[in-house]
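Working notes, structure below.
Protein chains: 2
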Amino acid sequence: MPAPLRHKVLLDEDEMPTRWYNILHDLPTPPPPPLHPGTGQPVGPEDLAALFPMDLIAQEVASEQYVDIPEEVQDVYRLWRPSPLFRAHRLEQALGTPARIYYKYEGVSPAGSHKPNTAVPQAYYNARAGIRKLTTETGAGQWGTALAFACAQFDLECEVWQVRASYDAKPYRKIMMETFGATVHPSPSDLTEAGRTMLASDPGSPGSLGLAISEAVEVAAQDATVNYALGSVLNHVLLHQTIIGEEALLQLAKVGESADLIVGCTGGGSNFGGLTFPFLREKLAAGGAGPVIRAVEPASCPSLTQGTYAYDFGDVAGLTPLLKMHTLGHDFIPDPIHAGGLRYHGMSPLISHLYEEGLVEAEARTQRDCFAAGVLFARTEGIVPAPEPTHALAAAVDEAIRCVDTGEEKVILTALCGHGHLDLPAYDAYLRGDLVDHTWEDSELQEAVAAALTRLPAIPG
Amino acid sequence: MPAPLRHKVLLDEDEMPTRWYNILHDLPTPPPPPLHPGTGQPVGPEDLAALFPMDLIAQEVASEQYVDIPEEVQDVYRLWRPSPLFRAHRLEQALGTPARIYYKYEGVSPAGSHKPNTAVPQAYYNARAGIRKLTTETGAGQWGTALAFACAQFDLECEVWQVRASYDAKPYRKIMMETFGATVHPSPSDLTEAGRTMLASDPGSPGSLGLAISEAVEVAAQDATVNYALGSVLNHVLLHQTIIGEEALLQLAKVGESADLIVGCTGGGSNFGGLTFPFLREKLAAGGAGPVIRAVEPASCPSLTQGTYAYDFGDVAGLTPLLKMHTLGHDFIPDPIHAGGLRYHGMSPLISHLYEEGLVEAEARTQRDCFAAGVLFARTEGIVPAPEPTHALAAAVDEAIRCVDTGEEKVILTALCGHGHLDLPAYDAYLRGDLVDHTWEDSELQEAVAAALTRLPAIPG
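Chains as they are written, first to last, in the numbering used here: chain A, 693 to 1153; chain B, 693 to 1153.
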């Protein structure tokens, strides 16, 4: 009788990494700094102090290679971490591939995604700084849920502006945030100047992530006991997510494997950075030998593959610092695809810089292909993936199918950054054939991006 | 610095139990047999052969103490098993209790509950018997989801009749079944005689679990290549669920603990039996020394605490054998409480027998108390529980609070049989104060049960 197939590679709690990895320490060249939109000069800590506690501001520009994870944060992490690494035997069998597919599964977290990895330390550092309340925005709802849970751990209030279209379409996400104790408003709301301005011009506005950011930032900036929290894009967010990749390195080593290809989906970049940065450290240390590392983005919001590398705002209203990043223009409104977590006009400055340096690849995929991979994955591996990671799954499946022809026993690692339990209407639309794909070949998309890029901010000075 | 708290007790895949435990072997007295409703005589294998494969019929009356789990079933189990045992440190801290609370979490499964533990072997044995399709009913939707997943593993078709009220109120459950490849009909449907009869008399009927069973059984009985699968109540179902308790025994031993109190919710009894039977084996072997074992049922459907121990049908239409069980009457329609999985008029004959023998206790709880415990649990432990296990959580929390006064360091083990991601509207109703509690003191409930009990079937012969 053959030995049983091993599906999961587990780490015990005492094997959980106790440090985050700071890739800034190891980059061949540093990424361009954020600029103050009024002066055109690099922002300093004082420019960020109205929104963030000093510990997080320091992490944003940290130069040491590792940052210790506070004991209090580790204690919360251990509710679900280390997360499992799975070998996708049943998917491989369905494909008949000689490739070996591994997926690092973050859906075991309280929010059902990787987002609590940064929500918990952000809540911790804010609580330690004496902050009473955190505000934030949420689109798909994963980030708002994560922050609601994290705030409950450290006795912080949590106020979330959820993009109106998502607030209406995803009532389950709102209820989950409320169950964790958060207050949730649809955005635009009449609680902020930014919201009221939008409602005055368009009472039926469906909102956007950029506008919801403006509302949450506006409220936080007005009260010294209230801070703002962001779920992706920034350096300290990606830093916190590196625990994913650190665990995956340990888990692959446990089964004597090393990855040939790593694929992750990218919206703001935190899931992708979290998984891949520790592997990039090893690759840089090995003089470039190591896995191919590939970001997969939606074809209808292709910031890496079609955007411009330029200074732009992180939000619609222009309240944030200017970030050097791949962008489609800060007022570009992506298609309402179901992978709401990937509908962001920009890309993390760190990921953008790595892409410019040739250290990561990128490709764009249409959502029907992604859902097809998601359904195949659900029926073979038993997990219904969130729409976001189906982008990476589609890439992994295609690579595994190529290996059927070439016979390569390629080791493919993918980030399964969340489950799709609260995204099931998207599967319903796919199964009924109601999904429409928009690709870069659509002239409307090209024209919308071209127009948004004409409105990139000028750099003063 | 104190040692970090350990939240999870994990087993490796090669520590997964490879046998189910058959409590029939160890009972002081055997439970009364199922009877044929036409003859009043014990049913034989031939009476069940139109619905179930011989392997499962044999397991229904097996006399050996253990049944080997087939390799093919083990391979699917290992997608999520062994499931984690958690120590609820953060809940304990919130309560300030000296009690130690453990929960065995089955929400990591593909369906998000314990149901795949029996769906997978049922699909396997049916596939091995050459069956082409399985039919079943589902109320809350957990069972239908589990069977849909299991059928996908063994290339079986799966056809589910979902109670109309649940079909309309829980669209996410239906989509999840369809994502796993099943076909889902609302019940009553016009596809069966039972459904058409109901629709003729009440075109707007919301359906019931008993009627959906009648529809699924009717379709299976008409085609030799189609069988029926049941998700609770029967001996072979509870047998398959004992892997939960076998794992929990190993996990508690790993941390040097033994339970003083075990609480589990009961609908048909499979979650409760699955966790507790292996502990009952140890208790019987120790001459009765061991944990108190307590079933917790909804106050509005109190089959153990208020029902009659009598022969009754498992379904509304009277298509099943007569089962000796605690029952509220086979045509009793429970309140539409949110714990849909506990809305069943009867109780597993095995659990009913154990209750009569004094080997398990029972209590009934109202849903607002249960949701209060569920919200506290979500905010401390990070998992939003399904409405069903909040009944057991409420009992565990009460016991832990008693320990605050007595100072007892009691070890409480509870079955967290599923997550509540697809039940979030129930939390919304609770948080908004919209839930109504019905207790045994309500005369309407007592009258409805008394009336249903006058319609218990007569035993022929």
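Don't be surprised by glycine CBs; every beta carbon is placed ideally from N, CA and C.
Go ahead and label residue i buried or exposed: buried means 16 or more other beta carbons lie within 10 angstroms of its beta carbon, across all protein chains shown.
{"i": "residue 999 (chain B)", "result": "buried"}
{"i": "residue 807 (chain A)", "result": "buried"}
{"i": "residue 823 (chain A)", "result": "buried"}
{"i": "residue 894 (chain A)", "result": "exposed"}
{"i": "residue 910 (chain B)", "result": "buried"}
{"i": "residue 914 (chain B)", "result": "exposed"}
{"i": "residue 896 (chain B)", "result": "exposed"}
{"i": "residue 1019 (chain B)", "result": "buried"}
{"i": "residue 737 (chain B)", "result": "exposed"}
{"i": "residue 792 (chain B)", "result": "buried"}
{"i": "residue 1151 (chain B)", "result": "exposed"}
{"i": "residue 887 (chain B)", "result": "buried"}
{"i": "residue 1023 (chain B)", "result": "buried"}
{"i": "residue 1033 (chain B)", "result": "buried"}
{"i": "residue 756 (chain B)", "result": "exposed"}
{"i": "residue 881 (chain A)", "result": "buried"}
{"i": "residue 1093 (chain A)", "result": "exposed"}
{"i": "residue 721 (chain B)", "result": "exposed"}
{"i": "residue 862 (chain B)", "result": "buried"}
Roughly how many angstroms separate the alpha carbons of residue i and residue j, rounded to a whole number?
{"i": "residue 1158 (chain B)", "j": "residue 973 (chain B)", "result": "Nothing about residue 1158 (chain B) can be read from this structure; chain B reaches only from 693 to 1153."}
{"i": "residue 1145 (chain A)", "j": "residue 1035 (chain A)", "result": "17 Å"}
{"i": "residue 764 (chain A)", "j": "residue 753 (chain B)", "result": "52 Å"}
{"i": "residue 939 (chain A)", "j": "residue 1091 (chain A)", "result": "24 Å"}
{"i": "residue 933 (chain A)", "j": "residue 1044 (chain B)", "result": "50 Å"}
{"i": "residue 832 (chain A)", "j": "residue 900 (chain B)", "result": "35 Å"}
{"i": "residue 960 (chain A)", "j": "residue 744 (chain A)", "result": "19 Å"}
{"i": "residue 920 (chain A)", "j": "residue 846 (chain B)", "result": "50 Å"}
{"i": "residue 1010 (chain B)", "j": "residue 749 (chain B)", "result": "20 Å"}
{"i": "residue 927 (chain A)", "j": "residue 734 (chain A)", "result": "15 Å"}
{"i": "residue 1078 (chain B)", "j": "residue 1004 (chain B)", "result": "29 Å"}
{"i": "residue 1008 (chain A)", "j": "residue 966 (chain A)", "result": "26 Å"}
{"i": "residue 1147 (chain A)", "j": "residue 729 (chain A)", "result": "14 Å"}
{"i": "residue 786 (chain B)", "j": "residue 801 (chain A)", "result": "20 Å"}
{"i": "residue 957 (chain B)", "j": "residue 834 (chain B)", "result": "15 Å"}
{"i": "residue 713 (chain A)", "j": "residue 1046 (chain B)", "result": "55 Å"}
{"i": "residue 709 (chain B)", "j": "residue 701 (chain A)", "result": "18 Å"}
{"i": "residue 1080 (chain B)", "j": "residue 799 (chain B)", "result": "12 Å"}
{"i": "residue 790 (chain B)", "j": "residue 870 (chain A)", "result": "29 Å"}
{"i": "residue 1129 (chain B)", "j": "residue 853 (chain A)", "result": "33 Å"}
{"i": "residue 1058 (chain B)", "j": "residue 727 (chain A)", "result": "58 Å"}
Could you tell me which residues DSSP pairs with residue i in its beta bridges?
{"i": "residue 1110 (chain A)", "result": "A:805"}
{"i": "residue 899 (chain A)", "result": "DSSP, once it has assigned bridges, lists no residue as partnering residue 899 (chain A)."}
{"i": "residue 1100 (chain B)", "result": "DSSP, once it has assigned bridges, lists no residue as partnering residue 1100 (chain B)."}
{"i": "residue 793 (chain A)", "result": "A:1104"}
{"i": "residue 853 (chain B)", "result": "B:829 and B:877"}
{"i": "residue 713 (chain B)", "result": "B:758"}
{"i": "residue 985 (chain B)", "result": "B:954"}
{"i": "residue 779 (chain A)", "result": "A:794"}
{"i": "residue 700 (chain B)", "result": "B:778"}
{"i": "residue 1055 (chain A)", "result": "A:988"}
{"i": "residue 1077 (chain B)", "result": "B:1111"}
{"i": "residue 727 (chain B)", "result": "B:734 and B:1014"}
Between residue i and the ligand COA, is the CB less than 7 Å from at least one heavy atom?
{"i": "residue 1150 (chain B)", "result": "For the structure depicted, the ligand COA is absent and the ligand set is empty, with no information on it obtainable."}
Against chain A: residues of the stretch 831–862 of chain B by CB proximity under 7 Å: Within the stretch 831–862 of chain B, 841 and 844 place their CB atoms closer than 7 Å to a CB of chain A, listed in sequence order.
Against chain B: residues of the stretch 1063–1076 of chain A by CB proximity under 9 Å: Cβ contacts with chain B: 1066, 1067, 1070, 1071, 1072, 1073, 1074, 1075 and 1076.
In chain order, each beta strand (DSSP E) run of at least 3 residues that lies wholly inside the stretch 988–1037 of chain A: Correct list: 1000–1005 and 1014–1019.
Ordered list of beta strand (DSSP E) runs contained in the stretch 900–970 of chain A, each at least 3 residues: Whole beta strand (DSSP E) segments, 3+ residues: 918–920 and 953–957.
Any beta strand (DSSP E) of 3 or more consecutive residues that is wholly inside the stretch 733–766 of chain B: For the stretch 733–766 of chain B, the continuous beta strand (DSSP E) assignments of 3+ residues that do not extend past its boundaries occur at 758–760, in sequence order.
Positions along the stretch 872–897 of chain B whose CB lies within less than 8 Å of some CB in chain A: Those would be 872 and 873, in chain order.
Chain B contacts made by the stretch 964–983 of chain A, where a contact means CB separation under 8 Å: Cβ contacts with chain B come from no residue of the stretch 964–983 of chain A.
Residues, ordered as in the chain, of the stretch 698–732 of chain A that lie near chain B by beta-carbon distance below 7 Å: For the stretch 698–732 of chain A, which is checked against every Cβ of chain B, the residues closer than 7 Å are 698, 699, 700, 702, 704 and 705.
Residues within the stretch 1112–1140 of chain B neighbouring chain A, beta-carbon criterion of under 8 Å: Within the stretch 1112–1140 of chain B, the residues whose Cβ lies closer than 8 Å to some Cβ of chain A are 1113, 1114, 1116, 1117, 1119, 1120 and 1123, listed in chain order.
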